[in-house]
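Count the sequence shown with the numbering used here and you get residues 14 to 255, in order.
Just so it is clear, CB atoms sit at the ideal spot from N, CA and C, and this is done for glycine as well.
Note that the structure is predicted; figures quoted are calculated from it, not measured.
Remarks on the structure that follows.
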Amino acid sequence: YLDTMSKGALFLALVVTAIVAQIIKATMLYVGEAAQILLSYSVRRDLQSALTHKVVSMSFAAVTRYSTGKLTNIIDQSFLATDVSIQLSNVLRATLMGLAYFVMMIVISWKMAFFTILIVLVLWLLLSQVSKTLRQIASRVTTGQIDLWRWTVEYLNAPRLIRTFNAANQVESAISKARDLYLFSDRKADLIVAAIPKLLEVITVASAGGFLVGGYLIYSENAYEAVPALFVYVLILFRLRP
C-alpha cells in the first residue's frame, strides 16, 4: 500500500502518524503518572495512620523509651512511600522500554546490539557501585534528619529547663551536629546524582560516535546505504540512556 502512495501523501501520512503517536504517548504518560500519584498518596495516608495508631497504642513504658522528636519524625517518614512508588513506576517503565529498544537494536544489527549490551553491563557495574555509596549516604541522611527533629523538638519544648541548667551551648551544639550530618550527607548525595547524567551523556555520545565510525568502516564505499539504519540505532541508543 505504501508503494502506491505518492511522496506527498506518504509524507503527510508520516507527519499525522507522528502527531497521533505523540498524543497517545502524552495521554498514556499522564494516565500512568496520575495513577501513580493517587496510589502513592493513598499508601502514604494509610501508612501514616498505621504509624500513628501504633504510637498511640503503645504502653506508657514502651512509649517513654523514645523521644517525642523521634516519634514525630518516624510518623513523618511515611512520605518515603511516595518516593518508593515513583521509583518503582520508573523502574517498570524503563524495563519495558529497554526491552522494546533492545529488540529493535537486534533487528537492525545483532552485532551492534551485542556491543551495546557490553556497554550497558559496564555502566550497570559502575552505577551499582554508585548506588551502594548512595545507600550508605542515605542512611546517614536519615539518621541526621531523625536526630535533628529529636533535638529540636525536645529542646525547644523545654526552654525553662535549658536556662535553669545553663545548657544553651550544649543544645546549640547538639542541634548543629545533627543538622550538619543531615545537610552535608544530603549535599554529597546530590553532587553524586548530578554527575551521573553528565557521565552517561558523555559515554552515550562517545558510543554513538563509535557506532557511526564503525558502521562506516564496515560498509566502506556502501556506507551511505547503512546511514539510515545507523542513525536510527543512534537514536535508540539515546532513548535507551534514561
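What three-state label does DSSP hand Ala219 in the structure shown? Position 206 of the sequence shown, counted from the first residue, corresponds to residue 219. Ala219: helix per DSSP, three-state reduction.
Three-way DSSP call (helix, strand, coil) for Asn182 in this model: In the sequence shown, residue 182 corresponds to position 169, counting from 1. The answer is helix: DSSP assigns Asn182 an H, G or I state.
When you compare each of Ile130, Leu140, Ile132 and Met125 to Ala239 by their alpha carbons, which one comes out closest? Taking the sequence shown and counting its residues from 1, one reaches residue 239 at position 226. The residue with the shortest Cα to Cα distance from Ala239 is Met125.
So which of Tyr168, Leu204 and Ser152 has the shortest CA-CA distance to Ala187? Position 174 of the sequence shown, counted from the start, is the residue given in the question as residue 187. Ranking the options by Cα distance to Ala187, first place goes to Tyr168.
I think Ile99 touches Ser53, with their Cβ atoms under 8 angstroms apart; what is that distance to the nearest whole Å? Stepping through the sequence shown from its first residue, residue 99 is reached at position 86. Stepping through the sequence shown from its first residue, residue 53 is reached at position 40. That belief holds up - the Cβ atoms of Ile99 and Ser53 are roughly 7 angstroms apart, short of 8 angstroms.
Straight-line gap, Arg192 to Gln158 (C-alpha atoms, nearest Å): Within the sequence shown, the letter at position 179 stands for residue 192. Within the sequence shown, the letter at position 145 stands for residue 158. Approximately 7 angstroms between the Cα atoms of the pair.
Tell me whether the beta-carbon of Leu147 lies closer than 8 angstroms to the beta-carbon of Ala94. Counting from 1 along the sequence shown, the entry for residue 147 is found at position 134. Counting from 1 along the sequence shown, the entry for residue 94 is found at position 81. No, they are not a contact pair.
Determine the extent of the alpha helix (DSSP H) in which Pro255 is found, giving its start and end residues. On the sequence shown, position 242 is the one that residue 255 refers to. Counting along the chain, Pro255 falls outside any alpha helix (DSSP H), and DSSP gives it neither H nor E.
Report the residue from Val68, Glu46, Leu138 and Leu139 whose alpha carbon sits nearest the alpha carbon of Arg106. Walking along the sequence shown from the start, residue 106 turns up at place 93. By alpha-carbon distance to Arg106, the top candidate from Val68, Glu46, Leu138 and Leu139 is Glu46.
Limits of the alpha helix (DSSP H) - the one that Met117 falls within: In the sequence shown, the residue the question calls residue 117 occupies position 104. Taken as a continuous stretch (DSSP letters only), the alpha helix (DSSP H) holding Met117 covers Leu93 to Ile121.
Have a look at Ile175, Ser19 and Arg254 and flag the residue whose alpha-carbon is nearest the alpha-carbon of Trp137. By 1-based counting over the sequence shown, the position of residue 137 is 124. Out of Ile175, Ser19 and Arg254, Arg254 has the C-alpha closest to the C-alpha of Trp137.
Roughly how many angstroms lie between the CA atoms of Ser62 and Leu139, to the nearest whole one? Taking the first residue of the sequence shown as position 1, residue 62 is located at position 49. Taking the first residue of the sequence shown as position 1, residue 139 is located at position 126. Roughly 39 angstroms separates the two Cα atoms.
For a quick check, are the C-beta atoms of Val154 and Ser198 less than 8 angstroms apart? Residue mapping note: residue 154 aligns to position 141 of the sequence shown, counting from 1. Residue mapping note: residue 198 aligns to position 185 of the sequence shown, counting from 1. The answer is yes: Cβ separation under 8 angstroms.
Less than 8 angstroms between the C-beta atoms of Val245 and Ala221, yes or no? As a working mapping, residue 245 is identified with position 232 in the sequence shown. As a working mapping, residue 221 is identified with position 208 in the sequence shown. The answer is no: Cβ separation not under 8 angstroms.
Assigned secondary structure, Arg78 (DSSP; H/G/I helix, E/B strand, else coil): Taking the first residue of the sequence shown as 1, we reach residue 78 at position 65. The answer is coil: DSSP assigns Arg78 none of H, G, I, E or B.
Where does Leu84 land, buried or exposed, given buried means 16+ other C-beta within 10 angstroms? In the sequence shown, the residue the question calls residue 84 occupies position 71. Leu84 should be labelled buried.
In terms of residues, what are the limits of the alpha helix (DSSP H) holding Met18? Within the sequence shown, residue 18 is the residue found at index 5, counting from 1. No alpha helix (DSSP H) holds Met18; DSSP gives it neither H nor E.
Distance between Asp160 and Ile150 (C-alpha atoms, nearest Å): Numbered from its first residue, the sequence shown carries residue 150 at position 137. Numbered from its first residue, the sequence shown carries residue 160 at position 147. Computed Cα separation, rounded: 15 angstroms.
Check this for me: beta carbons of Ile121 and Ala242, under 8 angstroms apart or not? Here residue 121 refers to the residue found at position 108 when the sequence shown is read from its first residue. Here residue 242 refers to the residue found at position 229 when the sequence shown is read from its first residue. Their beta carbons are under 8 angstroms apart, which means Ile121 touches Ala242 by this criterion.
Within its chain, find whatever has a CB closer than 6 angstroms to the CB of Ser70; leave out the 5 residues flanking it on each side and keep chain order. What you label residue 70 is simply residue 57 of the sequence shown in a count that begins at 1. If we look at Ser70 and ignore the five residues flanking it on each side, it has no Cβ neighbours.
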